[in-house]
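Below: one structure, written as structure tokens.
Numbering (this note's numbering), first residue to last: 56 to 235.
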């Protein structure tokens, strides 16, 4: 009599673990790259955009913006990466303005949802993180991307890079309205 024996193994967990390890490796390599940027570059104007590009790549962001306070305490865009039409529209929404203000006041990251009316242009989620130097807020890092942006791992990655950005930007002369 003929018989067939089939042995099947569910590899879902293994694939999930492999994806997790791959993601962690990407994050570690990006953190290493960010550290190299901070150590190798003396041009503070170069550091901001390069760190934003690293963040954008590792956290799958659509756009990222660094806003720094001027002498009058007003926040101004210093650096931005991503399509101009995306970050400019997202940056001017009432949700982003409120999140920037709250992040500066509380010193805590704040995730928010953006109005879906501009879904073709504006990503669905944003995150504002205070940039601090010696426990003093000097500005805000704004990132925009998919709805998963508010997940714990994305927030941890962006928070770590924001901490490095704050340190790097500590000595930067603040001139309002300049963007690279």
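Ideal Cβ positions, reconstructed from N, Cα and C, are used throughout, including at glycine.
Go ahead and label residue i buried or exposed: buried means 16 or more other beta carbons lie within 10 angstroms of its beta carbon, across all protein chains shown.
i	result
residue 119	buried
residue 72	exposed
residue 134	buried
residue 122	buried
residue 60	exposed
residue 186	buried
residue 128	exposed
Are residue i and residue j closer than 7 Å when you measure CB to CB?
i	j	result
residue 198	residue 216	no
residue 165	residue 154	yes
residue 194	residue 124	yes
residue 114	residue 209	yes
residue 176	residue 140	yes
residue 136	residue 107	yes
Hey, out of the options, whose CA is closest to residue i's CA?
i	options	result
residue 190	201, 180, 163 and 179	163
residue 146	169, 210, 90 and 112	169
residue 237	116, 109, 92 and 188	For residue 237 there is no data in the structure shown, the boundaries of the chain being 56 and 235.
residue 88	130, 112 and 63	112
residue 83	159, 201 and 110	110
Please name the residue or residues paired with residue i in a DSSP beta bridge.
i	result
residue 187	192
residue 122	132 and 195
residue 168	180
How close, in whole Å, do the beta carbons of residue i and residue j come, if the pair is a contact with beta carbons under 8 Å?
i	j	result
residue 204	residue 196	That belief does not hold up - the Cβ atoms of residue 204 and residue 196 are roughly 13 Å apart, past 8 Å.
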